[in-house]
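A short write-up of the structure that comes next.
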Amino acid sequence: MAFGIRRNDQVVITAGRDKGKRGRVLRVEPRKDRLFVEGLNIVTRHLGQQGGQTRGGLTTKEAPLNMSNVKIVCPSCDEKSRIGTRILGDGTKVRICKACNEVLE
Ligand SMILES: [Zn+2]
1 MAFGIRRNDQ VVITAGRDKG KRGRVLRVEP RKDRLFVEGL NIVTRHLGQQ GGQTRGGLTT
61 KEAPLNMSNV KIVCPSCDEK SRIGTRILGD GTKVRICKAC NEVLE
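Residue numbers (the numbering used here): 1 to 105.
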């Protein structure tokens with residue numbers, strides 16, 4: 001998955017409650033096959049009791065999404081796409097958009 005989705009990529013959710021929504025990748029956990037997307041898949045947590053005093057607050061945070069439920073959005077063609085790779089003349093591997101063949105870096 002070295003050439004998969006990375007932090008700061010734009011992605012679109014393809015399944016679940018936030019299907020069709022887009023956001024920026026905050027964090028990727030390749031070993032767990034999951035990632036976090038800014039503002040998407042939000043869960044609300046109750047702040048627990050602290051020191052015997054009840055704090056009535058709620059906090060929200062992003063819950064992880066499975067890699068298989070997101071697709072990258074290409075910054076060039078604005079299509080949800082798949083990532084390909086291309087080897088440049090100097091041997092550098094780069095990610096490309098499989099829809100328009102533009103380099104994604
Ligand atoms: Zn593209």
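Don't be surprised by glycine CBs; every beta carbon is placed ideally from N, CA and C. On a predicted model such as this, the values are computed, not experimentally measured, just so you know.
Item to check | Straight-line Cα distance separating Phe36 from Pro64 | outcome: When rounded, the distance between both Cα atoms is 5 Å.
Item to check | Segment contact, 8 Å Cβ cut-off, at least three pairs: the region 68-78 with the region 92-101 | outcome: Of all C-beta pairs linking the region 68-78 to the region 92-101, three or more are shorter than 8 Å, placing the two stretches in contact.
Item to check | Neighbouring residues (CB closer than 7 Å to any heavy atom of ligand 2) | outcome: Looking for ligand 2 in the displayed structure turns up nothing; the ligands present are ligand 1.
Next on the checklist: So within the region 68-99, which uninterrupted beta strand (DSSP E) runs reach at least 3 residues, ignoring any that extend past its ends?
Outcome noted: Unbroken beta strand (DSSP E) stretches of 3 residues or longer found wholly inside the region 68-99: 70-73, 83-87 and 93-97, given in chain order.
Checklist entry - Can you tell me whether Val70 is buried or exposed, with buried defined as 16 or more other CB within 10 angstroms of its CB? => result Buried, because 16 or more other Cβ atoms sit within 10 Å of the Cβ of Val70.
Next on the checklist: What does the Cβ neighbour count give for Asp9, buried or exposed, with the cut at 16 atoms within 10 Å?
Outcome noted: Here Asp9 is buried, its C-beta having at least 16 other C-beta atoms within 10 Å.
Next on the checklist: Does Arg31 come out as helix, strand or coil in the three-state DSSP assignment?
Outcome noted: Here Arg31 sits in helix by DSSP.
Checklist entry - Based on Cα-Cα distance, which residue from Gly20, Thr44, Glu62 and Thr14 lies nearest to Leu26? => result Of Gly20, Thr44, Glu62 and Thr14, the residue nearest in Cα terms is Glu62.
Checklist entry - Going by the beta-carbon positions, is the gap between Thr59 and Arg82 smaller than 8 Å? => result Contact: no.
Checklist entry - In or out: Asn41 buried (at least 16 other Cβ within 10 Å) or exposed? => result Counting Cβ neighbours within 10 Å, Asn41 comes out buried, since at least 16 surround it.
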